[in-house]
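Structure first, then comments.
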Amino acid sequence: MNQHLAQIAIVVDDYDKAIEFYTKKLHFYLIEDTILSETKRWVKVKPKGSTGCSLLLAKAANDEQKSRIGNQTGGRVFLFLYTDDFKRDYQNLIDMDITIIREPSHEEYGTVVVFEDLYGNLWDLIEPVLPQGSI
């Protein structure tokens, strides 16, 4: 069996505002923006260089969904963004005035910082430690 995650839905309040944040501040690619109806679009973004999972920006359609914007995981880190250059991407977070929740630290699994997106969802930016013998 061969399975993989294709996309993860993140609840947003406005498609265009979310697209702007992810593409202008985090430098993700907009890979699809298809109008499905007067109120619904199929919007996908993903990090540059990623060949895997994308984010599906899903506009909240009712009060219950709106109540989950920014808190889909009860205040825990929601998404984990791996990088090959922590210093570059951490500086980008600073330059883009993205809120840092927990300052950078060196852990046994890599260098990590916790930041929040425009809605308050928590993210880890991680440059993982390469396994012994890797290049």
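The sequence shown begins at 1059 in the numbering used here and counts up by one.
The beta carbon of each residue, even a glycine, is placed where N, CA and C say it ideally should be.
In this text the structure is predicted, and so the values were computed from the model without any measurement.
Contact test: residue i Cβ vs the ligand COA heavy atom, cutoff 7 Å
{"i": "K1106", "result": "Questions concerning the ligand COA fall outside what the structure shown contains, since it holds no ligand whatsoever."}
Euclidean distance between Cα positions of residue i and residue j
{"i": "G1199", "j": "D1071", "result": "The displayed coordinates of the chain run from 1059 to 1193. Any statement about residue 1199 would go beyond what the structure contains."}
{"i": "D1143", "j": "L1183", "result": "10 Å"}
{"i": "L1063", "j": "F1138", "result": "14 Å"}
{"i": "N1129", "j": "A1067", "result": "13 Å"}
{"i": "T1141", "j": "M1059", "result": "28 Å"}
Identified DSSP bridge partners for residue i
{"i": "R1099", "result": "I1093"}
{"i": "T1072", "result": "One detail in the question is off: residue 1072 reads as Asp in this sequence, not Thr. Note: D1072 sits in no beta bridge, so no partner."}
{"i": "H1164", "result": "T1169"}
{"i": "K1106", "result": "Paired residues: none, contrary to the question."}
{"i": "K1117", "result": "V1070"}
Three-way DSSP call (helix, strand, coil) for residue i in this model
{"i": "I1077", "result": "helix"}
{"i": "K1083", "result": "helix"}
{"i": "F1140", "result": "Residue identity check: residue 1140 is Tyr in the sequence provided, not Phe. Strand."}
{"i": "Q1123", "result": "helix"}
{"i": "Q1065", "result": "strand"}
{"i": "D1175", "result": "coil"}
{"i": "D1182", "result": "strand"}
{"i": "L1088", "result": "strand"}
{"i": "I1159", "result": "strand"}
Exposure of residue i, with buried meaning 16 or more beta-carbon neighbours within 10 Å
{"i": "S1112", "result": "buried"}
{"i": "I1093", "result": "exposed"}
{"i": "L1005", "result": "Summary: the structure shown does not reach residue 1005, with the chain confined to residues 1059 through 1193, and so no result is reported for it."}
{"i": "Y1148", "result": "buried"}
{"i": "I1156", "result": "buried"}
{"i": "Y1153", "result": "Correcting the residue type first, residue 1153 is Asp in the shown sequence and not Tyr. By the neighbour-count rule (16 or more Cβ atoms within 10 Å), D1153 is not buried but exposed."}
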